[in-house]
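The structure appears right after this line, and notes come after that.
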Amino acid sequence: MGEKITMEATFNNMSHTDSLEFWLNNSKCDWDKILSLKDAELSNPKLIIDENIDGKWLREWMALIGLDTREFYLNGKKVSPELLEEYKRNRNLPPDDEKVTPRYGITIKGAEFKDLPTEDIFTNSELDVRYNELQETFVKVNSPVIILLEDVTHKYYYVRSIEFTGWTKQDNIAVIEDRQKWDNYFNNDSFVMVTSDCDIDINSAEANSRLSYSVKTYMGTKLHFQGIDEEGNYKVYVPARNEEGFLSSDIVGTIDKSNASIGYLPASRKNILTLAFHVWGDEYGWGGRSGLRDCSSYIRDIFLCFGYTLPRNSSFQMKIEEATDIEHIHGYDDKNEAVSILQPGDILDIGGHVMIYLGKYEGKHYIISMLSTYVPEDVTCDFDKNVVKMARNHINSLDVHRRNGNTWMEEIKSYIHW
């Protein structure tokens, strides 16, 4: 972040290697074999919290994000300690000895989670306008959350989801009256899994009065299944928020059958690549900004479609049991030999950037990822002056460079071979 970008990539001319069909024909693997995603359902995280939380615990939890140790810029000017304290006071933290009783809710649309209750963009340099350092993640519609706090303006909730804890706008959340109703709502085995980003077609007669926004759904979203219409498309419950802020879940929408499946998809290499290409060319978004994806949320969304919940951030994704560390292996040739075991659909990590392996073509290994920047293969010097801003879902070989001059091949830290 904050790096000097000297070239802007264009995204006009596709090569023959930029298609799903090419990569399905390129490798001779068992495309339809169901992979063993180790105890996927059993190992998926559960959203659990004590019924009474100490204010001290909440304060200590929030301190872990290290706001006081980070340097921020706002509108090109350094954020002073005094200004940061003003933002922090808006969090409305309870005293150490006060008990906080959590409430339970659901996201009624995609929700950005941030470190502070504000829409202001904090960057890490006066020149950086691309990354909001307060942005943590983007949580999809129909996701369970636990509400912990309300800010002083009564416009934000501090909530915990399965993937992150952060501040989000209150109008992103519908409250569910009690824990039992919340549990019952999400203990539903009849569901539709969204496999492509799309809009839900609201067909309720009450939609105009009940919903004042377009319901966007994203790959990896899980919705309650309500049947099939006369055209074979899937009817789903659409969670909504009534005037009192509570859940109203009797609105039914329709998703085109080409954008979803009833239940999870089979976890095959073919399906991994098919999903990976569903967002081909889409814009990159740090921390899930505005519903966009960064490298790790891209990987996570793909595997959610199989019922397998990977951690949100790349560093934690590569600590799962299936990951293999090869950081001790040095040099291009030795790394090249180490990754020869990989097959399409496996995951690679180069330290801060994760990607899906596509296969080997004309002696080079190729990957697809949500890519921010890279240095082209043919650059031989002044690497930091030849950084290309891609900021899209992109295919490239492992022979491209990082700004330190190393190839991605040389930078591989670990991989996951399913």
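So the sequence shown is numbered by this note's numbering: it starts at 18 and just counts up by one.
Where a beta carbon is used, it is the ideal one built from N, C-alpha and C, also for glycine.
Can you tell me the Cα-Cα spacing of residue i and residue j, whole angstroms?
{"i": "V162", "j": "D200", "result": "11 Å"}
{"i": "S213", "j": "N288", "result": "12 Å"}
{"i": "M236", "j": "H382", "result": "26 Å"}
{"i": "L59", "j": "Y325", "result": "Residue confidence for L59 is low, a pLDDT of 42 falling below 50, so the modelled location carries little weight and cannot support an answer."}
{"i": "G308", "j": "C215", "result": "12 Å"}
{"i": "I433", "j": "A293", "result": "16 Å"}
{"i": "G362", "j": "S53", "result": "13 Å"}
{"i": "I51", "j": "R317", "result": "18 Å"}
{"i": "T291", "j": "D49", "result": "12 Å"}
{"i": "L37", "j": "E300", "result": "18 Å"}
{"i": "E115", "j": "E180", "result": "26 Å"}
{"i": "R147", "j": "E88", "result": "16 Å"}
{"i": "I70", "j": "I217", "result": "37 Å"}
{"i": "M372", "j": "T154", "result": "18 Å"}
{"i": "D416", "j": "A355", "result": "15 Å"}
{"i": "N149", "j": "E247", "result": "45 Å"}
{"i": "E223", "j": "V232", "result": "Residue placement at E223 cannot be trusted, given a pLDDT of 47 that sits under 50; what the coordinates show is reported in the next sentence. Looking at the two C-alpha atoms, the distance is approximately 15 Å."}
{"i": "G262", "j": "I319", "result": "32 Å"}
{"i": "M387", "j": "N410", "result": "4 Å"}
{"i": "Q243", "j": "S285", "result": "27 Å"}
{"i": "V404", "j": "G302", "result": "18 Å"}
{"i": "E68", "j": "P119", "result": "6 Å"}
{"i": "L84", "j": "P112", "result": "19 Å"}
{"i": "S265", "j": "I245", "result": "22 Å"}
{"i": "P393", "j": "N423", "result": "11 Å"}
{"i": "S32", "j": "Y374", "result": "18 Å"}
Are the CB atoms of residue j and residue i within a distance shorter than 8 Å?
{"i": "S178", "j": "S160", "result": "yes"}
{"i": "S331", "j": "C312", "result": "yes"}
{"i": "Y349", "j": "E427", "result": "yes"}
{"i": "I412", "j": "T182", "result": "no"}
{"i": "T406", "j": "I367", "result": "As written in the sequence, residue 406 is Lys, which differs from the Thr given in the question. Result no, Cβ atoms of K406 and I367 do not sit closer than 8 Å."}
{"i": "L91", "j": "D137", "result": "yes"}
{"i": "G376", "j": "S44", "result": "yes"}
{"i": "R76", "j": "L41", "result": "no"}
{"i": "Y202", "j": "K186", "result": "no"}
{"i": "P134", "j": "D168", "result": "yes"}
{"i": "T234", "j": "V296", "result": "no"}
{"i": "R258", "j": "I125", "result": "yes"}
{"i": "V156", "j": "L165", "result": "no"}
{"i": "G93", "j": "I193", "result": "no"}
{"i": "E339", "j": "W425", "result": "no"}
{"i": "G270", "j": "I219", "result": "yes"}
{"i": "H241", "j": "N204", "result": "no"}
How far does the alpha helix (DSSP H) with residue i in it reach, from first residue to last?
{"i": "R76", "result": "72 to 80"}
{"i": "M426", "result": "425 to 428"}
{"i": "F294", "result": "286 to 295"}
{"i": "Y301", "result": "Looking at the DSSP string, Y301 is not in any alpha helix (DSSP H), and its letter there is neither H nor E."}
{"i": "P256", "result": "From DSSP, P256 is part of no alpha helix (DSSP H) but of the beta strand (DSSP E) over 251 to 258."}
Taking the beta carbon of residue i as the centre, do at least 16 other beta carbons fall within 10 Å, making it buried, or is it exposed?
{"i": "P256", "result": "buried"}
{"i": "G305", "result": "buried"}
{"i": "L359", "result": "buried"}
{"i": "R106", "result": "exposed"}
{"i": "E143", "result": "exposed"}
{"i": "I73", "result": "The displayed chain sequence assigns Lys, not Ile, to residue 73. Label assigned to K73: exposed."}
{"i": "Q197", "result": "exposed"}
{"i": "A80", "result": "exposed"}
{"i": "H370", "result": "buried"}
{"i": "K336", "result": "exposed"}
{"i": "T341", "result": "exposed"}
{"i": "N276", "result": "buried"}
{"i": "L449", "result": "No information on residue 449 is available, as it lies outside the stretch 18 to 435 that the chain covers here."}
{"i": "E260", "result": "exposed"}
Find the nearest neighbour of residue i within the set the options, judged by alpha-carbon distance.
{"i": "N401", "options": "Y391, D47, R409", "result": "Asn is not the amino acid found at residue 401; the sequence shown has Asp there. When each option's Cα is compared against that of D401, the closest is Y391."}
{"i": "C322", "options": "Y281, W297, E394", "result": "Y281"}
{"i": "C436", "options": "G376, I82, H418, R329", "result": "Look at the range of the chain in this structure, 18 to 435, and you will see that residue 436 is not part of it."}
{"i": "R420", "options": "G270, V396, I373", "result": "V396"}
{"i": "I86", "options": "E102, K377, S265", "result": "The amino acid occupying residue 86 in the given sequence is Thr; Ile does not appear at that position. With distances taken between Cα atoms, T86 lies closest to E102."}
{"i": "K95", "options": "N141, P119, A80", "result": "N141"}
{"i": "N250", "options": "N259, V209, V232", "result": "V209"}
{"i": "W184", "options": "I66, M335, T170, E194", "result": "T170"}
{"i": "A408", "options": "V211, Y121, Y104, I385", "result": "I385"}
{"i": "D267", "options": "Y254, A191, Q152", "result": "Y254"}
Ends of the beta strand (DSSP E) at residue i?
{"i": "M407", "result": "405 to 414"}
{"i": "K274", "result": "It is not in any beta strand (DSSP E) - K274 carries neither H nor E in the DSSP assignment."}
{"i": "A340", "result": "340 to 342"}
{"i": "F155", "result": "152 to 156"}
{"i": "E310", "result": "First, the amino acid is wrong: residue 310 is Arg here, not Glu. Here R310 belongs to no beta strand (DSSP E), and DSSP marks it neither H nor E."}
{"i": "Y432", "result": "431 to 433"}
{"i": "E129", "result": "128 to 131"}
{"i": "W184", "result": "182 to 186"}
{"i": "P161", "result": "161 to 167"}
For the ligand SAH, I want to know if residue i counts as a neighbour, meaning its beta carbon is within less than 7 Å of at least one of the ligand's heavy atoms.
{"i": "E344", "result": "For the structure depicted, the ligand SAH is absent and the ligand set is empty, with no information on it obtainable."}
Verify the CB distance criterion: does residue i have a CB-CB separation below 8 Å to chain C?
{"i": "D401", "result": "Judged by its chain identifiers, the structure shown contains no chain C, having just a single protein chain."}
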